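Worksheet for the structure shown next.
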């Protein structure tokens, strides 16, 4: 823990990169873990754009209890500490693969959402926008939300399989990774590309990586710090960095 604390305190430009593991402490299931969502649902259908366009009901009815109940979820220690460290000027930006909005709920301001956000939904026909709350209210009643103006399919602002990541967002993340002399990689298995390529920019430009994840990652051999328990590490951070 002392090594991790020293690395954070010595960093001149610290960037945080987060995956689903940071939200398991908030009671949100990850995707590929032992109790992951993909063990229950077919990932190729759940977030596949072509399947969604044919039958949006599969997505909406099966995400009711892990996306459209986010109003009942609270930020974890990890979310709160990341926000606090940003407020202290230690964390410069946060890049996330998550779509649960918990970093913003915790108070983080410089959040780059690689895979989009469910905060806004849009009709694919007339482009009318719908708020998360409007959609969630209907999904919780086991309804599939259709556009109330034209009857079109309403899609969340989340990047589905076979969709390209937003080029501007990806470039923002790349630039932050290039500036980082330390990147904290939290709760990510680093297997989903192109998001998983972001830490390589830090590594290739002389920055260091600190990886905290329950499970191996492809970048473990290159990490200056490696641990498997987020809660242990962030309790130490919260105590040591006031």
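In the working numbering, the protein residues as written are 18 to 259.
The beta carbon of each residue, even a glycine, is placed where N, CA and C say it ideally should be.
Quick caveat: nothing in here was measured; it's all calculated off a predicted structure.
Asked	Found
Limits of the unbroken beta strand (DSSP E) element including residue 239	No beta strand (DSSP E) holds residue 239; DSSP gives it neither H nor E.
Alpha-carbon spacing of residue 201 relative to residue 100, whole angstroms	14 Å
Check whether residue 15 and residue 36 have beta carbons under 8 Å apart	With the chain covering 18 to 259 only, the question about residue 15 has no answer from this structure.
Straight-line gap, residue 194 to residue 167 (C-alpha atoms, nearest Å)	42 Å
Nearest-angstrom Cβ-Cβ length linking residue 93 and residue 40, presumed shorter than 8 Å	7 Å
Residue burial classification, residue 235 (beta-carbon count within 10 angstroms, cutoff 16)	exposed
Opposing strand residues paired with residue 17 [DSSP bridges]	The question about residue 17 has no answer, for the chain in this structure spans 18 to 259.
Residues near residue 139 by beta carbon distance below 8 Å, same chain, minus five either side	145, 146, 147, 171, 172, 174
Residue 155 to residue 80 span [Cα, whole Å]	12 Å
Continuous beta strand (DSSP E) stretch holding residue 113: start and end	108-113
Reduced DSSP category for residue 24 - H, G, I as helix; E, B as strand; rest coil	helix
Opposing strand residues paired with residue 39 [DSSP bridges]	None, per the DSSP bridge assignment.
CB of residue 197 within 8 Å of CB of residue 219, strictly	yes
For residue 1, the three-state DSSP class (helix, strand or coil)	For residue 1 there is no data in the structure shown, the boundaries of the chain being 18 and 259.
Range of the contiguous beta strand (DSSP E) that encloses residue 97	Run containing residue 97: none in the beta strand (DSSP E); it sits in the alpha helix (DSSP H), 94-104.
Spatial distance of residue 187 from residue 160 (CA atoms)	33 Å
Beta-ladder partner(s) of residue 202, from DSSP	34, 228
Assigned secondary structure, residue 68 (DSSP; H/G/I helix, E/B strand, else coil)	helix
Integer-rounded CB distance, given that residue 227 should sit under 8 Å from residue 199	7 Å
Residue 110 burial status per 10 Å Cβ neighbour count (16 or more: buried)	buried
C-alpha gap between residue 162 and residue 152, whole angstroms	6 Å
Which of helix, strand or coil DSSP assigns to residue 178	strand
Integer-rounded CB distance, given that residue 33 should sit under 8 Å from residue 108	6 Å
Of the listed residues 43, 102, 240, nearest to residue 83 (C-alpha basis)	43
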